[in-house]
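Numbering (mature numbering (1 follows the signal peptide of the UniProt record, and there is no 0)), first residue to last: -23 to -1, 1 to 476. All remarks here apply to the structure that follows.
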């Protein structure tokens, strides 16, 4: 009986362990290893790669934030990699997905120098090539929770197609703008990206690649999303947003330092006299972009930048820029406003790369320098540059269709496991109870001649019971003495069955 119980518990343990492994295994989506460059198994590249994968899957990795990048070695064997877990998953699921990925990636791409692999919970990527691009500077995001989608819906499939198209390595990022549409109504999704007019195609590509990953973390199931970075903007919606003016969802940034009160009017006039002509030029240019500077003092310039999405008409672009320019906080020494269709910015420092745009230099008459209020050290509207990230410039992240059946297995496990556990536990308790039951009734059956008896069971009693039955072996109960010792008459307090 004990062996039966042991078997049940061993089976129960194996059963639960198998479900645990199955529940933690992520759903494979896609991988890419172009097989253009490889390494040998006994090389420094192989050693560095295994060190990198070990670091990414370490228990001390940043699974709570869902993102980490690591670089190992020196050129030309240097390798950089990262993992990114989608929003909505716990740190435990993130860690499980990454641990699975670092093993799976060596099976699917055993000796490739540039690899990326996607699952429904996470993405893992590494490369031996350039890693000079910085993580784009995040500013804000807007994803109202009014309309959402499920991960196994047609809308999600179309969204992945759209993001894949926008971040494709096969188109040029030189224009700094691209729009796309995926799917059919009512699950159609339209989207676009807009890179700041002065950034290089390489930086634009890196920003878009980062954004298409970041959007599913910050807005995991919203149908309408806008993400702002200092270098680019990513936007998509279930509505048609192409060639449509949208000034909702303003995002404002400004410097904390004020212009002296009695000089604020003069400073405002200087800002507007620079920004308004820039808006006019931008609205009539193909790129819908203009940047320029004005003389503030003999030793200080004022810089401005305006930009619209190029799909807007000239009239809509000018209207959008006029609205944002008129709402700038010109009592501050710097500020900007971003809306989905355009943005405007001015600063007392050169925040754009003039060599990339050939900016117009509007030489305005120098106004008397306004006095700045004594204030705390300036807090500029952009954060300090973040540490390098291993997003290679040669290949942005690509999203493709996901596999099916991700949620059904979880539901089956949630239903089957508790029922099976309860059944097996009840079965174990039943057998355990039967094994421990003790027989409390005994029976003797006389022979036909009634001269002898046999026992149907082993009639064994403890010493106290015998002592009580013989009245402590009193002489009055003594029947005689034979070869086996003295024989006593006993009064049994037992239960007999009557025939």
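The beta-carbon is built from N, C-alpha and C at its ideal position, and this holds for glycine as well. Just so it is clear, the structure is predicted and the values come from calculations on it, not from any experiment.
- The continuous beta strand (DSSP E) containing residue 94 extends over residues 91 to 96.
- In the structure shown, residue 169 falls within a strand segment according to DSSP collapsed to helix, strand and coil.
- Here residue 40 is not bridged, per DSSP, to any residue.
- With respect to the 7 Å criterion, residue 188 and residue 204 are classified as neighbours on the basis of their beta carbons.
- DSSP links residue 221 through a beta bridge to no other residue.
- Of the other Cβ atoms in all chains shown, fewer than 16 fall within 10 Å of the Cβ of residue 403; this residue is therefore exposed.
- Residue nearest to residue 8 within the set 16, 68, 15 and 84 is 84 (criterion: CA-CA distance).
- In the three-state DSSP reduction, residue 235 falls in the strand class (E or B).
- Between residue 283 and residue 256, the beta carbon gap of about 5 Å places them in contact (Cβ cut-off 8 Å).
- Contact between residue 3 and residue 98 holds, with the beta-carbon distance rounding to 5 Å and staying under 8 Å.
- No Cβ-Cβ contact shorter than 7 Å links residue 93 with residue 61.
- Within the same chain, 135, 138, 139 and 166 come within 6 Å of residue 159 by CB-CB distance, once the 5 residues on both sides are set aside.
- Note: residue 45 is bridge-paired with 60 in the DSSP secondary-structure output.
- The segment 244 to 255 makes contact with the segment 271 to 278: 3 or more CB pairs, one atom from each, lie closer than 8 Å.
- Note on geometry: alpha-carbon atoms of residue 214 and residue 200 lie some 6 Å from one another.
- Annotation: residue 15 is outside any beta strand (DSSP E) and is labelled neither H nor E by DSSP.
- Measuring C-alpha to C-alpha distances from residue 290 to each of 51, 195, 119 and 221 identifies 221 as the nearest.
- The segment 46 to 61 makes contact with the segment 15 to 28, as at least three CB pairs between them are under 8 Å.
- Taken atom to atom, the span from the alpha-carbon of residue 307 to that of residue 173 is near 22 Å.
- Each of 157, 113 and 156 was checked against the Cα of residue 179, and the nearest Cα belongs to 113.
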